[in-house]
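If you're matching positions, the sequence shown starts at 1 in the numbering used here and goes up one per residue.
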Amino acid sequence: MLNMLKTWPRRGIFGFLALLIFSFVPAPVQACSGGANMPMSELADYDVIVYATVLESDERGYSAIMLVDRYIKGNGPQFLPIMRWRPALEITSAVRGYTTDCLYNGGGAEWVVGQQGFFALKYNDDGTYTDGTSGYYGAPFHSNEEDGISYYEWDTPTNTFIEYNVSDEEFEQILLQQFSTYDESIPPSEEVPYPLKRWLTVTTESGSKYHVNPDRSVTPIDVSTAPIAISHDGSHVVFRQGNELIVQHYELILHPDGEYFSTWFAHTLTGNDLLFSPNSSLIAIWDEQALHVYMFDNFEYVGYGQALGIQLIGEKKLNLTGSGALQVAWSQNSAVLAFADDSGIWRWPLFTAAEPELIVPDVIVPILELSLTGRYVRYGDMNEWLLLDTQLGDVMSNALSTPDEQNFVLFPSETDNEMASDLIRECHAPLQDSCPIEFPNARPIDFLFWYQNEEIAVVTCRSEYEDCYVRTWRWDVTKILSPYRGGQLWFIMPTVNDLGYDPIYDRPAMAVNDYIIGLSFYFASNPNGNWEFRGEYVDLTGIIDSPIVDVEWGQPLFYDSAYYEATE
1 MLNMLKTWPR RGIFGFLALL IFSFVPAPVQ ACSGGANMPM SELADYDVIV YATVLESDER
61 GYSAIMLVDR YIKGNGPQFL PIMRWRPALE ITSAVRGYTT DCLYNGGGAE WVVGQQGFFA
121 LKYNDDGTYT DGTSGYYGAP FHSNEEDGIS YYEWDTPTNT FIEYNVSDEE FEQILLQQFS
181 TYDESIPPSE EVPYPLKRWL TVTTESGSKY HVNPDRSVTP IDVSTAPIAI SHDGSHVVFR
241 QGNELIVQHY ELILHPDGEY FSTWFAHTLT GNDLLFSPNS SLIAIWDEQA LHVYMFDNFE
301 YVGYGQALGI QLIGEKKLNL TGSGALQVAW SQNSAVLAFA DDSGIWRWPL FTAAEPELIV
361 PDVIVPILEL SLTGRYVRYG DMNEWLLLDT QLGDVMSNAL STPDEQNFVL FPSETDNEMA
421 SDLIRECHAP LQDSCPIEFP NARPIDFLFW YQNEEIAVVT CRSEYEDCYV RTWRWDVTKI
481 LSPYRGGQLW FIMPTVNDLG YDPIYDRPAM AVNDYIIGLS FYFASNPNGN WEFRGEYVDL
541 TGIIDSPIVD VEWGQPLFYD SAYYEATE
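Structure, rendered in structure tokens:
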């Protein structure tokens, strides 16, 4: 667990206004970028000026969601996602301790829920806005206070800022006269729903990739220069350059000329593919010959600070003569690695064993999942699989371990329904390993995921009816009033091509009807037999180049220490 998480001090708007005391003081020269407080004239460079209220802010106070009352300059939706610094940089800099230099210095006034006033914002080209501040700039934010509004103009003859105090009505007129193309402020559009809390990556049949942004705009991804992987906490990033993998800390990007920001901050490794551990502290990299496991650390000193450190902690030669593709999976606590080559399935407790153990010999099957500590290994396919208890050697058919490894969930077929029913009648809370939970009549299974960490959810699609349905079954019996364990039928949906579920923000992303992404389970058919979208969705028809084959939730908009702990 990340126990070094820090939050930046919340000065609030009053702390920010204290910074503006430096009126009439010559602007200091600062390192990296920036200067003194931003004068009114520089607001001309901003895309929009709004009168708005801060509805949400993250733990740092650097990302927010605003409700716009009116636009003084520009136009747009009623909800605006704000991101001054990417949340991953908090981990990279404050927690991991890597040198980020001018890329991240955590500056500017913090957003506080309930703030209301005039905000000048720039578009980030990724579906978010920023106030453009850094540690060396005063924010272009003017709070609506009872005593009026203070703003600043640069006085060239004296080389100072001069402060002016006006009422909020007078200030709005000044903004309209100087920056607006219309005579009065205009209301926002209400067509765009509440912002997404995470970027969504969409892959199409052609291999093209796109980002669905927090404001639901769509940005094509240049696959030739984009990272091929980012760690779960966002602190590490990997690029592909020819036959090499370039491992760096977050926000160091591949430049158009092919050169990286600095070789000081990067490590060049060889391999065809990779997989980060859930806690982002390890990375497995492999090719046809060998699997290598590396651990990241914060103790590689470069010049004036700590840069990305990495060390090899294990390697294993592979037997890949037939399939050529290696199956790799991490345990949820990042302590155990499992992989499958032509010899069978191997299990490797990295911190207690120097070499992996062959636990399922002479079987070439996909590894579906490792449990919390890696004790249980699930392998097979989505409809017929085995669960191996690596401590006792027991093998169960069509079962899985709950997230805390305290219970089993059974997915019986019609032939063993009676046996499972007998077991379930003998169970009493609290459940034990010998008392499994039955999820009857759940197969065939197209998608399976933990819903809000308390229920197991199954998506089953019936091709003959051209539709799918979602069912959930609660596994924590201490929260169930019914003796039947709270099984329920959810929603009937169109055919689902792919599904990604975000347990942190309780948000599904379902690729349906080739070009539609459903962001909730609310679908319904009309009398004509066609599907209607009654919940949130994004229609990418005419925007992407071919049908959707994969959806995956990516980096979050907000920094939230609970989120990063939940990824471990």
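Quick reminder that beta carbons are idealized off the backbone N, C-alpha and C, glycines included.
- In this chain, Ile543 is not harboured by any beta strand (DSSP E), its DSSP state being neither H nor E.
- When Pro187, Gly61 and Asp498 are compared, the shortest CA-CA separation from Val112 is found for Gly61.
- Taking the Cα of Leu358 as reference, the smallest distance to any Cα among Ser281, Thr225 and Arg347 is reached at Arg347.
- In this structure Gly76 does not touch Val54 by the C-beta definition: roughly 16 Å separates them, more than the 8 Å allowed.
- Taken in chain order, the whole beta strand (DSSP E) runs of length 3 or more contained in the stretch 342-381 are 344-349, 357-361, 367-370 and 376-380.
- If you look at Glu170, you'll find it isn't in any beta strand (DSSP E); it sits in the alpha helix (DSSP H) that goes Asp168 to Phe179.
- Within the DSSP secondary-structure output, Glu552 pairs in a beta bridge with Thr201.
- Under the 8 Å Cβ criterion, the stretch 87-96 counts as touching the stretch 228-245, having at least three qualifying pairs.
- Residue nearest to Pro366 within the set Thr402, Leu372, Gly393 and Ala329 is Ala329 (criterion: CA-CA distance).
- Residue environment analysis places Tyr301 among the exposed positions, since fewer than 16 neighbouring C-beta atoms fall within 10 angstroms of its C-beta.
- Glu163 places its beta carbon 8 Å or farther from that of Pro39.
- Between the alpha carbons of Asp545 and Asp502 lies a gap of roughly 26 Å.
- DSSP, read as helix, strand or coil, puts Ala226 in coil.
- Judged by beta-carbon spacing, Ala399 lies beyond the 8 Å limit of Ile364, meaning their Cβ atoms are not closer than that value.
- At the C-beta level, Val68 and Leu80 come within 8 Å of one another.
- Under DSSP, Glu244 takes part in a beta bridge, and its partners are Gln241 and Thr270.
- Excluding residues up to 5 positions away in sequence, Asp467, Cys468, Tyr469, Phe523, Ala524 and Ser525 lie with their Cβ nearer than 8 Å to the Cβ of Ile492 in the same chain.
- In this structure Arg375 is not in contact with Glu355, their Cβ atoms being roughly 19 Å apart against a cut-off of 8 Å.
- By a beta-carbon distance limit of 8 Å, Gly393 does not contact Leu386. Their separation comes to about 12 Å.
- Measuring C-alpha to C-alpha distances from Asp215 to each of Ala511, Pro527 and Asp125 identifies Asp125 as the nearest.
- In terms of CA proximity to Asn497, Val459 leads the group Thr472, Gln248 and Val459.
- For Ala120, the enclosing beta strand (DSSP E) stretches over residues Gln116 to Tyr123.
- Distances from the alpha-carbon of Glu190 to those of Phe351, Arg70 and Gly554 put Arg70 closest.
- Under the three-state reduction of DSSP output, Leu43 falls in the helix class.
- A distance below 6 Å between beta-carbons, with the five flanking residues on each side excluded, links Tyr559 to the following residues of its chain, in chain order: Asp58, Glu59, Arg60, Pro87 and Glu90.
- Counting of Cβ neighbours within 10 angstroms places Asp131 among the buried residues, the total reaching 16 or more.
- Contact between Val166 and Val538 does not hold, since their C-beta atoms are separated by about 43 Å, which reaches or exceeds 8 Å.
- Excluding residues up to 5 positions away in sequence, Val496, Leu499 and Gly518 lie with their Cβ nearer than 6 Å to the Cβ of Met510 in the same chain.
- Ranked by Cα distance from Ala64, the options Ser41, Lys73 and Gly127 are led by Gly127.
- In the DSSP assignment, Asp69 falls within the unbroken beta strand (DSSP E) covering Ser63 to Lys73.
- The criterion of a C-beta distance shorter than 8 Å is satisfied by Ser334 and Asn279.
- The C-alpha of Gln115 is placed about 12 Å away from the C-alpha of Ala109.
- Relative to the Cα of Tyr294, the nearest Cα in the group Asp155, Ala307, His267 and Ser561 belongs to His267.
- Sequence-distant partners of Gln555 (beyond 5 residues in either direction) whose C-beta falls short of 8 Å from its own C-beta, in its chain, are Arg86, Pro87, Ala88, Arg198, Trp199, Ile230 and Gly234.
- Leu499 carries a strand assignment under DSSP once its states are collapsed to helix, strand and coil.
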